[in-house]
Amino acid sequence: MLRTDERYLVVGLGKSGGAAAEALLDRGCPVTVYDKKPEAELEPALIKALKEKGAACLFGREPEVPGGFDVVVLSPGVSRELPLVAAEEQAGARVTGELELAWLMGRGCYVAITGTNGKTTTTVLTGEIFKNAGRKTEVVGNVGVAVSSRAGEADEDTWMITEASSFQLDATERFHPVISAILNVTPDHLDRHGTLENYALAKAKIFQRQTGEDHFIVNYDDKEAWKLRVFCKAHVVPFSRREQLSQGCFVKDGRIVIREDCGKETEICPAAELFIPGAHNLENALAASAMAYYAGIAPEVIGETLRSFRGVEHRMELCGQVDGVRFVNDSKGTNPDASIKAVEAVEGNIILIAGGYDKGASYEEFIGAFGGKVKALVLLGKTAPKIRAAAEAAGLKNIIMAADMEECVLRSFREASAGDTVLLSPACASWDMYSCFEERGEHFKACVESLKR
Numbered sequence: 004m005l006r007t008d009e010r011y012l013v014v015g016l017g018k019s020g021g022a023a024a025e026a027l028l029d030r031g032c033p034v035t036v037y038d039k040k041p042e043a044e045l046e047p048a049l050i051k052a053l054k055e056k057g058a059a060c061l062f063g064r065e066p067e068v069p070g071g072f073d074v075v076v077l078s079p080g081v082s083r084e085l086p087l088v089a090a091e092e093q094a095g096a097r098v099t100g101e102l103e104l105a106w107l108m109g110r111g112c113y114v115a116i117t118g119t120n121g122k123t124t125t126t127v128l129t130g131e132i133f134k135n136a137g138r139k140t141e142v143v144g145n146v147g148v149a150v151s152s153r154a155g156e157a158d159e160d161t162w163m164i165t166e167a168s169s170f171q172l173d174a175t176e177r178f179h180p181v182i183s184a185i186l187n188v189t190p191d192h193l194d195r196h197g198t199l200e201n202y203a204l205a206k207a208k209i210f211q212r213q214t215g216e217d218h219f220i221v222n223y224d225d226k227e228a229w230k231l232r233v234f235c236k237a238h239v240v241p242f243s244r245r246e247q248l249s250q251g252c253f254v255k256d257g258r259i260v261i262r263e264d265c266g267k268e269t270e271i272c273p274a275a276e277l278f279i280p281g282a283h284n285l286e287n288a289l290a291a292s293a294m295a296y297y298a299g300i301a302p303e304v305i306g307e308t309l310r311s312f313r314g315v316e317h318r319m320e321l322c323g324q325v326d327g328v329r330f331v332n333d334s335k336g337t338n339p340d341a342s343i344k345a346v347e348a349v350e351g352n353i354i355l356i357a358g359g360y361d362k363g364a365s366y367e368e369f370i371g372a373f374g375g376k377v378k379a380l381v382l383l384g385k386t387a388p389k390i391r392a393a394a395e396a397a398g399l400k401n402i403i404m405a406a407d408m409e410e411c412v413l414r415s416f417r418e419a420s421a422g423d424t425v426l427l428s429p430a431c432a433s434w435d436m437y438s439c440f441e442e443r444g445e446h447f448k449a450c451v452e453s454l455k456r
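If you count the sequence shown from 1, you need to add 3 to reach the working numbering.
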C-alpha cells in the first residue's frame with residue numbers, strides 16, 4: 004500500500020514523472036518536484052496543476068541540503084547515479100520508480116511486457132484481445148499512457164496491460180504481474196546499463212515477485228531471453244516461430260497453436276492470416292496469444308483479433324505513396340535489431356533513412372542485414388559518421404549525409420524509383436534532434452506530405 008505520510012521527491016517531469024506527482028498529490032501526499040530544466044522550458048499546464056495541488060517546485064536547482072525526503076521517485080529517463088538521487092539515497096531515502104508507485108496505488112491485474120523490440124506492438128495487440136474479450140482493460144506504460152494516471156481507478160477486475168522498459172523495471176522491488184513476458188534481449192541502452200548482462204537483468208525484474216501461480220511468457224528462439232527463465236519461479240511458457248515445442252505457443256503446419264503441459268493443443272489461427280507482416284510480428288502475435296490464453300480468453304477471440312489488428316503508429320506505418328514510391332515510418336526502430344527486422348519485412352528495394360542519438364550500439368550487423376536490398380543509405384544525426392564508417396567498411400557505396408529530416412526525405416525521393424520503398428528506421432534513439440521517436444515520426448510524415456503538394 005502507498006503511504007501518504009511520507010515525503011516524496013519526484014525527479015524528472017516528463018509524462019511519467021508528471022503523472023506520478025499528480026497521483027501522489029491527489030492522495031494527499033507531501034510532494035516536491037524537481038527538473039533540471041528551468042520552469043520556462045516545462046509544460047505550463049502541468050506546472051500550473053502541480054502548484055494548484057500544493058507541490059513544492061524546484062526547477063533548475065537542487066535541494067540545498069539532502070535528507071528532506073523519505074522516497075525519491077525517478078522518471079524512466081533519470082539515472083539512479085544522478086548526484087541528487089545518490090545524495091538522497093545516502094541520506095536514507097528509498098529510491099523507486101513510477102511503475103512501482105502505480106503498483107502500490109492500484110488493485111488491477113497486471114500483464115507486463117518487456118523486451119528490446121516489439122514491446123509496443125505486443126502491448127497494444129494484447130490490449131485489443133482483452134478488450135475484444137469484454138475485459139475491463141487499460142493499456143499503459145511505455146506506450147505513452149503513464150501507469151499511475153490509470154492505477155488509481157483500477158479495481159480487482161481491471162486488466163492493466165503494461166509495456167515496461169528496462170528503466171522502469173530497474174526501479175521496481177514489489178511490482179507483481181500475474182502474467183509477464185520478455186520478447187527478446189539484444190544490445191540496447193548500453194550507455195545506461197553498461198553491459199548486455201546488466202540490461203538483461205533489469206529486464207528480468209519483470210518476474211522477480213512472481214510465484215508458481217503466475218505465468219512467464221518468453222521467447223524460446225532468443226538465447227538471451229530464454230536463459231533468464233532459470234531465475235523465474237512462475238510457470239514458464241515459451242513461444243517460438245522456428246520450433247515445435249513440447250509445451251508453449253508455436254507454429255505447426257502453418258497455424259498458431261498452444262500446447263499445454265498435459266499435451267492438449269488449441270489452435271488460434273493460421274499464421275498467414277495475420278494482418279501485420281513480418282517475422283517479428285509473428286513473434287509478437289505468438290507472445291500476445293500465449294498471454295491472452297493463460298488469462299482465460301477464448302481462442303476464437305484471440306484469433307479474430309490477430310486477423311484484424313492493424314499495428315501501431317510509428318512502427319512499419321505506411322504513411323504515403325508518391326509517384327509509385329512507398330514511404331514507411333518506422334521511427335520506433337530505435338536500435339539496430341529493430342531496424343534489421345524492419346528491413347527484412349520490406350519487399351523490394353529500399354532507400355533507408357537512419358541515424359540519431361548514439362546509445363552505444365555497433366552497426367556492423369545492421370549493415371550486414373541489408374542483403375542487397377538497400378539502394379541508398381541516407382544518414383542524419385550524431386551517429387551518422389559512425390554508421391557511415393560501418394557501411395563503407397562493408398562496401399556500401401551510395402551513402403548520403405543529410406542535415407535534417409527535410410533533406411533526408413527529398414534526397415531519398417530522388418534516389419527512389421516507382422516500386423521502391425523509402426523507409427525511416429533510424430536504428431538509433433531520437434534524443435539528439437527530437438524529444439521522442441513520436442516527434443521524429445510525425446516530422447517524417449509531414450515531410451512526406453509536403454512532397455504530395
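Backbone N, C-alpha and C fix where the C-beta goes; we use that ideal spot for every residue, glycine too.
These numbers come from a predicted model, not from an experiment.
Spatial neighbours of residue i within its chain, please: C-beta separation below 7 Å, excluding the five flanking residues on both sides.
i: Phe369; result: Pro339, Ser342, Ile343, Ala430
i: Lys236; result: Gln213, Thr214, Gly215
i: Ala90; result: Pro69
i: Phe178; result: Leu102, Glu103, Trp106, Arg212
Is the CB-CB distance between residue i and residue j below 8 Å?
i: Gly118; j: Asn201; result: no
i: Phe242; j: Asn222; result: yes
i: Val76; j: Val13; result: yes
i: Leu355; j: Val325; result: no
i: Gly281; j: Ala357; result: no
i: Leu5; j: Met108; result: yes
i: Ile185; j: Leu231; result: yes
i: Ile353; j: Lys376; result: yes
i: Thr161; j: Cys112; result: yes
i: Lys39; j: Gly57; result: no
i: Thr140; j: Asn287; result: no
i: Ile390; j: Ala136; result: no
i: Phe373; j: Val412; result: no
i: Tyr11; j: Val98; result: no
i: Thr123; j: Lys335; result: yes
i: Gly155; j: Val142; result: no
Here's a check: name, in chain order, each residue in its chain whose Cβ is nearer than 8 Å to the Cβ of residue i, leaving out the five neighbours to either side.
i: Arg310; result: Cys272, Glu276, Leu277, Phe278
i: Gly80; result: Gly15, Gly17, Phe170
i: Cys322; result: Phe330, Val331, Asn332, Phe447, Lys448, Val451
i: Arg313; result: Phe278, Ile279
i: Gly251; result: Tyr223, Val240, Pro241, Phe242, Ser243, Ile261, Arg262, Ala293
i: Ala406; result: Leu383
Excluding five sequence neighbours on each side, which residues of the same chain lie with their C-beta closer than 6 Å to the C-beta of residue i?
i: Arg110; result: Ala157, Asp158, Glu159
i: Ala59; result: Thr35
i: Asp173; result: Ala205
i: Ile220; result: Ala184, Val240, Ala290, Ala293, Met294
i: Tyr296; result: Ile261
In or out: residue i buried (at least 16 other Cβ within 10 Å) or exposed?
i: Gln247; result: exposed
i: Val425; result: buried
i: Pro47; result: exposed
i: Arg318; result: buried
i: Pro41; result: exposed
i: Gly233; result: Gly is not the amino acid found at residue 233; the sequence shown has Val there. Counting Cβ neighbours within 10 Å, Val233 comes out exposed, since fewer than 16 surround it.
i: Ala387; result: buried
i: Gly121; result: buried
i: Gly144; result: buried
i: Arg245; result: exposed
i: Asn401; result: exposed
i: Arg417; result: exposed
i: Glu25; result: buried
i: Pro180; result: buried
Terminal residues of the continuous beta strand (DSSP E) containing residue i?
i: Gly251; result: 251-255
i: Phe330; result: 328-332
i: Arg417; result: Segment 408-418 is the alpha helix (DSSP H) holding Arg417; no beta strand (DSSP E) there.
i: Glu320; result: 320-325
i: Tyr11; result: 11-14
i: Asn187; result: Counting along the chain, Asn187 falls outside any beta strand (DSSP E), and DSSP gives it neither H nor E.
i: Ile259; result: 258-262
i: Phe242; result: 238-243
i: Met404; result: 402-404
The alpha helix (DSSP H) that contains residue i, what's its start and end?
i: Phe440; result: 440-455
i: Glu395; result: 387-396
i: Val346; result: 339-348
i: Phe369; result: 367-371
Taking only beta-carbon atoms, is residue i less than 8 Å away from chain D?
i: Phe278; result: As a matter of chain content, chain D is missing from the structure shown, which is built from one protein chain.
Measuring only from the beta carbon, is residue i closer than 7 Å to any heavy atom that is part of the ligand PLP?
i: Gln171; result: With respect to the ligand PLP, the structure shown offers nothing to examine, as it has no ligands at all.
Problem set entry | Every unbroken alpha helix (DSSP H) inside the region 65-104 [4 residues or more] | 86-93
Problem set entry | Every unbroken beta strand (DSSP E) inside the region 107-140 [3 residues or more] | 112-117
Exercise. Which runs of the beta strand (DSSP E) fall wholly inside the region 148-176 and span at least 3 residues, in chain order?
Worked result: 161-166
Problem set entry | Length-filtered (3 minimum) beta strand (DSSP E) runs lying within the region 22-69 | 34-38, 59-62
For this session: Could you name each continuous alpha helix (DSSP H) segment of 4 residues or more that falls completely within the region 271-326, going from the start of the chain to the end?
Result: 282-297, 302-311
Exercise. Which full runs of the beta strand (DSSP E) of 3+ residues lie inside the region 196-238, going along the chain?
Worked result: 218-222
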